[in-house]
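This report refers to the structure that appears directly beneath it.
There are 2 protein chains.
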Amino acid sequence: MKDSQVYGNVYIAWDGTDDQFSRTPSENEIELQPDTRYLHITTNETIGGVRLYDWPDLGVPLVGDMSSDYFSRHIPWNLMDVAYGGAQKNLGPSGLTLVIVRKSVLETHPRDLPTYLDYRVHYATNSRFNTPAIFPIYVAGKVLKWYKDKGGVDEFEKLSIARCAHLYGMIDASNGFYNCPVEGESRSRMNVVFRLPNEGLESKFLADAELQGLVNLTGHRSVGGIRASIYNSMPMEGVEKLANFMDNFRASHS
Amino acid sequence: MKDSQVYGNVYIAWDGTDDQFSRTPSENEIELQPDTRYLHITTNETIGGVRLYDWPDLGVPLVGDMSSDYFSRHIPWNLMDVAYGGAQKNLGPSGLTLVIVRKSVLETHPRDLPTYLDYRVHYATNSRFNTPAIFPIYVAGKVLKWYKDKGGVDEFEKLSIARCAHLYGMIDASNGFYNCPVEGESRSRMNVVFRLPNEGLESKFLADAELQGLVNLTGHRSVGGIRASIYNSMPMEGVEKLANFMDNFRASHS
Chain P
1285 MKDSQVYGNV YIAWDGTDDQ FSRTPSENEI ELQPDTRYLH ITTNETIGGV
1335 RLYDWPDLGV PLVGDMSSDY FSRHIPWNLM DVAYGGAQKN LGPSGLTLVI
1385 VRKSVLETHP RDLPTYLDYR VHYATNSRFN TPAIFPIYVA GKVLKWYKDK
1435 GGVDEFEKLS IARCAHLYGM IDASNGFYNC PVEGESRSRM NVVFRLPNEG
1485 LESKFLADAE LQGLVNLTGH RSVGGIRASI YNSMPMEGVE KLANFMDNFR
1535 ASHS
Chain U
1285 MKDSQVYGNV YIAWDGTDDQ FSRTPSENEI ELQPDTRYLH ITTNETIGGV
1335 RLYDWPDLGV PLVGDMSSDY FSRHIPWNLM DVAYGGAQKN LGPSGLTLVI
1385 VRKSVLETHP RDLPTYLDYR VHYATNSRFN TPAIFPIYVA GKVLKWYKDK
1435 GGVDEFEKLS IARCAHLYGM IDASNGFYNC PVEGESRSRM NVVFRLPNEG
1485 LESKFLADAE LQGLVNLTGH RSVGGIRASI YNSMPMEGVE KLANFMDNFR
1535 ASHS
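So the protein sequences, as listed, match chains P and U.
Mapping the first sequence onto my numbering, position 213 (from 1) lands on 1497, and the numbers just tick up by one.
Mapping the second sequence onto my numbering, position 33 (from 1) lands on 1317, and the numbers just tick up by one.
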């Protein structure tokens, strides 16, 4: 928002503040103003653990930050003008951003931006305007081949649903010991966020989990709680191990 | 030049066009206009194979692109406000840029740039405003430690002088079979550029060299000829092997 306001007239088409960012909007909640050029969406949000479940088809093209869930879901390309995302969640090592741009967007008049920020330059030079980030690109290529060999987005979408269903099922069957603040369809398939009855138990949960090799479960520093990030690279075995731990922890502490 | 003109009033303080970029200027050839904020320099230029030998001390701070020779020479920090460079020559894997900024520069009023291009943001966040390029940073850390263990810039400056002296010596002793278009002090210590009597011989030189494992010797596509890039990672043995090959090639073809 802050950066784009420098370059154009920008407004918030839907605001999740009142719901503490615990859900994403349905299409009919989004309020577009006349002459809107595009609608920016973030298809998965890792702090709150929410995902966009309803792709807005409102007559304006979508520009989507898909850093945290591309390659785990099908994309309605007919609605999208630009999809972009940092590599480090579902694609490869950090230091690389994948940008998919509709060709017609490249024909629009550019703003006065540094050359490097002009997508037309990258298109014209096959993404080699400068020396690119070779290692992250190399590894991303390996990952993409692996995705293809395993069955592509179809398969990884299925796996993502299975992974998160296992954890949300455990949370919802815990009689309130575990509590996910995110509402039904908005629940992220990549970042399962939940709380325990109090912060003391959360600290103990994290410490005990670490002893069993279950790490990086701390919620984002801005919200606290627990967060299980289960990107494409997480095997079902990891999810099952966490679910078993959660079950045992609840049995000993509730 | 092109990008900076969008943001400010920029001019060329010395122009190497007439000399086909075969040398860099001495300090007294640089013509500064009144109210100049800084002088941008490129301390080594890889296409022409030239280096800046005379650090301009003209009463304005220097901003230097040192991509292709930092960590191979001492820097007069009293003259520099900003030194920057891509990692991929003398620091580590591509996908990383090292920027050294004088603190007082961070206090100047910024232009309307995207947040990411504001050095103050990177300073305030310890270079972790976003997820950085972890792997290139990790490897760069290893390289810096290796530099330190080996004797630091002192040692790598000595090595760079020894490497290039070996090749320039071979060229200058070749009775004109090899010809370096760059004048004395301007000769790069990182990129030794030379020509053979004709392009046919240059092609044969490159093909024969490759058979002996001497690769990546093709001059930049914009100028042709031969270019031996001998960055800090090139051992003296590699230089000696190339010099021996050059000697033998000349003996068979002159």
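Glycine included, every Cβ here is placed at the ideal spot set by N, Cα and C.
- Residue burial annotation: I1455 of chain P is buried, with at least 16 other C-beta atoms found within 10 angstroms of its C-beta.
- C-alpha of V1499 of chain U to C-alpha of I1510 of chain U: approximately 11 Å in a straight line.
- Contact holds between the segment 1331–1338 of chain U and the segment 1468–1484 of chain U, because three or more Cβ pairs, one in each stretch, are under 8 Å apart.
- Residues of chain P with a Cβ closer than 8 Å to the Cβ of S1378 of chain U are, in chain order, T1415, P1416, A1417, I1418 and F1419.
- For D1287 of chain U, a Cβ of chain P is located within less than 7 Å of the residue's own Cβ.
- The Cβ-Cβ distance between Y1515 of chain U and K1373 of chain U falls below 7 Å.
- For the C-beta of D1396 of chain U, the chain P residues within less than 8 Å are, from N- to C-terminus, V1290.
- Around S1306 of chain U, the same chain offers G1300, G1332, V1334, P1465, V1466, E1467 and S1470 as residues with beta carbons nearer than 8 Å, after the five sequence neighbours per side are excluded.
- Within the model, the alpha-carbon separation for S1506 of chain P versus D1287 of chain P is close to 21 Å.
- Neighbours of G1425 of chain U in chain P, taken as residues whose beta carbon is under 9 Å from its own, are absent, since the nearest beta carbon is some 14 Å off.
- Scanning the segment 1347–1393 of chain P for uninterrupted alpha helix (DSSP H) segments of 4 residues or longer gives 1387–1390, listed from N- to C-terminal end.
- Annotation note: the segment 1417–1443 of chain P contains the following uninterrupted alpha helix (DSSP H) runs of length 4 or greater, listed N- to C-terminal: 1418–1434.
- P1398 of chain P and K1525 of chain U have their C-alpha atoms roughly 43 Å apart.
- Shown here for V1344 of chain P: same chain residues with a beta carbon closer than 8 Å to its own, the five before and five after excluded, namely L1316, T1320, R1321, Y1322 and L1323 in chain order.
- Following the DSSP letters along the chain, one finds V1523 of chain U inside the alpha helix (DSSP H) bounded by residues M1520 to H1537.
- Taking C-beta atoms under 8 Å as the contact rule, T1327 of chain U and M1350 of chain U qualify, at a distance of about 5 Å.
- For G1348 of chain U, there are no neighbours in chain P by C-beta distance under 8 Å, as the nearest C-beta there is about 18 Å away.
- In summary, no residue of the segment 1304–1336 of chain U has a CB separated from any CB of chain P by less than 9 Å.
- Annotation: the continuous alpha helix (DSSP H) that includes S1487 of chain P extends over E1483 to L1495.
- The Cβ atoms of M1364 of chain U and L1346 of chain U sit closer than 7 Å to each other.
- For the 7 Å CB-CB criterion, Y1354 of chain P and G1376 of chain P do not form a contact.
- Taking a beta-carbon distance threshold of 7 Å, T1409 of chain P does not count as an interface residue toward chain U.
- Within chain U, the residues placing a beta-carbon under 8 Å from that of T1399 of chain P are K1286 and D1287, ordered along the chain.
- A1457 of chain U carries a coil assignment under DSSP once its states are collapsed to helix, strand and coil.
- In this structure, the beta-carbon distance from F1419 of chain U to F1489 of chain U does not fall below 7 Å.
- Here M1285 of chain P is exposed, its C-beta having fewer than 16 other C-beta atoms within 10 Å.
- For the 7 Å CB-CB criterion, A1417 of chain U and S1513 of chain P do not form a contact.
- Looking at the DSSP output, R1479 of chain P shares a beta bridge with P:N1463.
- For the segment 1353–1384 of chain P, the set of residues with a beta-carbon nearer than 8 Å to any beta-carbon of chain U comprises G1370, Q1372, P1377, S1378, G1379 and L1380, in chain order.
- A residue is called buried when at least 16 other Cβ atoms come within 10 angstroms of its Cβ; V1523 of chain U meets this threshold and is buried.
- Within the model, the alpha-carbon separation for T1502 of chain P versus V1366 of chain U is close to 38 Å.
- The three-state secondary structure of H1504 of chain P, taken from DSSP, is coil.
- By the CB criterion at 7 Å, F1461 of chain P and S1356 of chain P fall outside the cutoff.
- Just so you know, the alpha carbons of V1294 of chain U and W1339 of chain U end up roughly 20 Å apart.
- If you draw a 10 Å sphere on the C-beta of I1325 of chain P, you find 16 or more other C-beta atoms in it, and that means buried.
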